[in-house]
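Protein chains in written order, with the numbering used here: chain B, 25 to 333; chain G, 25 to 333.
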C-alpha cells in the first residue's frame with residue numbers, strides 16, 4: 025500500500041513537498057483553506073526546477089471533520105503565529121501510527137508539539153527550497169539548491185526519518201537524514217535570524233540593500249556572529265567562517281525580499297518568535313550577550329505592536 | 025539700534041524663535057524657501073503657549089543675493105541633511121560682526137561650521153520647544169516646558185551668549201546660558217538618539233508604542249544607558265537615573281511620533297548622522313561598545329539606502 029501523507033498548511037512549501045511525495049508514489053492529501061475551491065477542482069500546478077510537479081491530492085480537506093483516514097506522515101507546514109495552538113490544530117489528523125513532521129522555520133519550534141504527542145514518531149525538518157505561491161493552487165520553485173534535512177528531535181534518526189528522506193529523494197528532490205537536526209536549524213538561523221528581521225524593519229528591504237555598504241555589511245557580520253555564539257553555547261557550534269560565507273552567498277544570490285519583509289509589506293503576521301525570539305531566549309538561558317539580536321527583537325515587538333493598533 | 029537677527033531655515037523652530045526675538049524688539053529677517061510667497065505677503069502666524077507670536081519679518085529673502093544688510097546674529101535652524109555644505113549656505117549672510125548661532129539637533133554638529141568661521145563669535149544652541157508647522161507660514165507651539173540652552177562651543181559663555189539668552193527670555197520664552205553646551209547636547213541625545221531612530225525603524229512608531237511592553241521598555245532603557253556611556257567617555261557624564269527619567273517622562277507626555285519617524289513616513293531625508301551617527305563615531309573613538317546604537321545606526325543606513333533606489 026502507498027505511504028499515506030497528509031499536508032497541513034498547504035502554502036508554497038507544503039504544496040511543493042506534497043508534489044514531490046506524490047511523484048514518489050505517496051497518497052497525498054492536503055488541508056487547504058483559502059485555496060480550497062481551486063485545489064479541489066484543479067489540484068496544484070507546480071512549476072519546479074525539478075520538472076512539473078503538478079498533482080491532484082487524494083483528498084482535499086476544508087477542515088478536520090472531513091478526515092476519515094490515517095496518515096503515515098502528517099506533514100506540518102503551517103506558519104507559526106503567536107497564540108496559535110499548533111498541537112490542537114494537528115491533533116484531529118493524528119492516529120497512533122502517524123509520524124508528525126514539522127517543516128517549519130526557526131529554532132526551538134519542536135518542544136510544544138513533540139510534548140503533545142509523546143507516543144508518536146516525531147520528525148523535525150529544515151527546508152531549503154526557494155518556492156513561492158503565485159496564485160491560489162499555483163506554486164513556482166526557483167532553485168536547484170533544494171533540500172529537506174530531516175531528523176528526530178532533539179537528535180538521532182529513525183526508520184521513519186530515513187524512509188521519508190528516501191521518499192523526498194525518490195520524488196526528484198533531495199532528502200537528507202541528520203543526527204543533529206538542532207544543528208541544522210542553527211545553520212539555517214545564521215541567515216534567517218538576521219536577514220528576516222532586518223528586512224521587516226527596513227519596511228521590506230531586499231538582501232542587496234541590506235548589504236549595501238561596508239558599514240551595514242560589518243554590522244550584519246557581527247549579528248550573524250551572535251547567532252553563532254548562541255549555537256555554540258547551545259552545543260551546536262557552527263563553522264567559524266559562517267558569517268562571511270552567509271554574506272558572500274547572499275550577494276551571489278538574486279536580490280530578494282525575505283519572507284518576514286514580505287509579511288511586513290503585506291500587513292501579515294510575522295514569525296517573530298520562531299525566527300528570533302526563541303534564539304534570544306536561548307541566549308539569555310545560557311547567559312550569552314547578543315545585543316544586536318536583542319535590538320532586532322525589541323524593534324520587531326514594537327513594530328508588531330503598531331500593527332495591532 | 026535694534027539687534028539684527030537673520031533666521032536661516034525658517035521651519036517651525038526658526039519661525040518660533042524669530043517670533044520670540046521680534047517680540048523682544050529685534051529686527052528679524054528670514055530666509056524662506058517653500059513658504060516665501062505666503063510669508064512675504066502675510067508674515068508668520070504663530071500660535072504659542074507664550075501667547076500670539078505672529079510677526080512680519082523686516083525682510084523675507086528668497087536667497088542670499090537679496091541680502092544687503094548685516095546681522096548681529098545669524099540663527100541657523102536648517103535641517104542637517106547628508107552632503108549639504110552648511111558653511112557654504114551660511115557664508116553669504118555672515119559679516120565680520122555676526123555671531124553664528126546653530127539651533128540644530130544632535131551631537132558634534134558644530135565643528136564643521138565653527139571651523140569655517142574662525143573669526144566670528146560662534147554659539148551652539150539646544151532647543152526644547154514642541155513646535156510644528158501646520159501650513160506654510162503657520163506654526164503651532166504646544167508646550168509650557170520650552171527653553172533654548174545656549175553656550176560657546178566647545179565650552180564657556182560670552183557676552184554674545186548671555187545677550188541672546190536674555191533676548192529669548194525678554195521675548196517671553198526661556199533662554200539659558202550654559203558653560204557646558206556639549207553636556208546639554210548629550211542630555212538631549214539621551215532621548216533623541218534612541219526614540220528618533222526607533223520611531224523611523226518602526227515605520228513612524230509613536231512613543232507609547234515604543235514603550236508598549238516590559239520587554240521593549242527594558243531595551244529602550246539599555247539603549248539610553250549606552251548614550252550615557254558615550255557621554256561619560258566624552259567627559260560629560262549624565263545623571264545615573266537618566267534612562268529611567270527619560271522613560272517615565274516620555275510616558276507622561278502625549279503619545280507622539282518623533283521628527284525622524286515623521287520624516288520616514290513622509291519620505292523625507294532623516295537627520296541620521298547628527299542624531300545618531302556622530303554619537304556612534306564618538307563611541308568608537310573612545311573604544312566604548314554601544315551595540316544597540318550600532319544596530320540602530322546600521323538599520324537606519326539600510327533604510328535610507330532603500331529610499332535612494
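Just so you know, even glycine gets a beta-carbon here, dropped at the ideal spot from N, CA and C.
Residue 227 of chain B and residue 278 of chain B have their alpha carbons spaced roughly 19 Å apart. Closest in C-alpha terms to residue 307 of chain B, from the list B/217, B/104, B/77, comes B/217. Put simply, of G/244, G/61, G/75, G/287 the residue whose alpha carbon is nearest the alpha carbon of residue 81 of chain G is G/61. Taking residue 139 of chain B as reference, the option from B/158, B/115, B/155, B/160 with the minimal CA-CA separation is B/115.
Taking the Cα of residue 146 of chain G as reference, the smallest distance to any Cα among G/133, G/281, G/156, G/155 is reached at G/133. Burial state of residue 183 of chain B is exposed, judged by a 10 Å Cβ sphere holding fewer than 16 other Cβ atoms. Taking all protein chains in view, the Cβ of residue 168 of chain G is surrounded by fewer than 16 other Cβ atoms within 10 Å, so the residue is classified as exposed.
At a cut-off of 9 Å between beta carbons, residue 240 of chain B contacts chain G. Distance from residue 196 of chain B to residue 172 of chain B at the Cβ level is roughly 12 Å; contact not present, criterion being Cβ atoms closer than 8 Å.
For residue 284 of chain B, the closest Cβ of chain G is not nearer than 9 Å.
Contact annotation, residue 106 of chain B with residue 136 of chain B: C-beta distance approximately 12 Å; criterion of less than 8 Å not satisfied.
Scanning its chain for C-beta atoms nearer than 6 Å, with the 5 sequence neighbours on each side dropped, one finds around residue 232 of chain B the residues 279, in chain order.
Within the same chain, and ignoring the five residues on either side of residue 83 of chain G in sequence, the residues whose Cβ sits closer than 6 Å to its Cβ are 53. Put simply, the segment 305 to 325 of chain G touches the segment 251 to 260 of chain G. At least three CB pairs are less than 8 Å apart. Assignment of residue 321 of chain G by DSSP, reduced to helix, strand and coil, places it in the helix class. Cβ contact annotation for residue 253 of chain G (same chain, cutoff 6 Å, sequence separation greater than five): 312, in chain order.
Only residues of its own chain outside the window of five on either side were considered, and among them 314, 317, 318, 321 have a CB closer than 7 Å to the CB of residue 304 of chain B, listed in chain order. Here residue 289 of chain B has 227, 228, 281 as same chain residues with Cβ atoms under 8 Å from its own Cβ, once five neighbours each way along the sequence are excluded. Apart from the 5 residues on each side of it in sequence, residue 56 of chain G sits with its Cβ closer than 6 Å to the Cβ of 34, 63, 84 in its chain, given in chain order. Counted as a single uninterrupted DSSP element, the stretch harbouring residue 161 of chain B is not any beta strand (DSSP E), since DSSP gives it neither H nor E. For residue 69 of chain G and residue 91 of chain G, the gap between their C-alpha atoms comes out near 23 Å.
The straight-line gap separating the alpha-carbon atoms of residue 268 of chain G and residue 98 of chain G is approximately 37 Å. In chain G, no part has a C-beta under 9 Å from the C-beta of residue 289 of chain B; the shortest such distance is about 11 Å. For residue 243 of chain G, the nearest beta carbon of chain B is closer than 9 Å to its own beta carbon. For residue 248 of chain G, the closest Cβ of chain B is not nearer than 9 Å. Any Cβ of chain G closer than 9 Å to the Cβ of residue 222 of chain B would place that residue at the interface, and such an atom is present. Scanning the segment 202 to 251 of chain B from its first residue to its last, the whole alpha helix (DSSP H) runs of 4-plus residues come out as 205 to 225, 231 to 234.
Rounded to whole angstroms, the separation of the alpha carbons of residue 237 of chain B and residue 223 of chain G is 23 Å. Distance from the CA of residue 325 of chain B to the CA of residue 326 of chain G, rounded to the nearest whole angstrom, comes to 19 Å.
For residue 322 of chain B, the chain G residues whose C-beta falls within less than 7 Å of its own C-beta are 239, 240, 243, listed in chain order.
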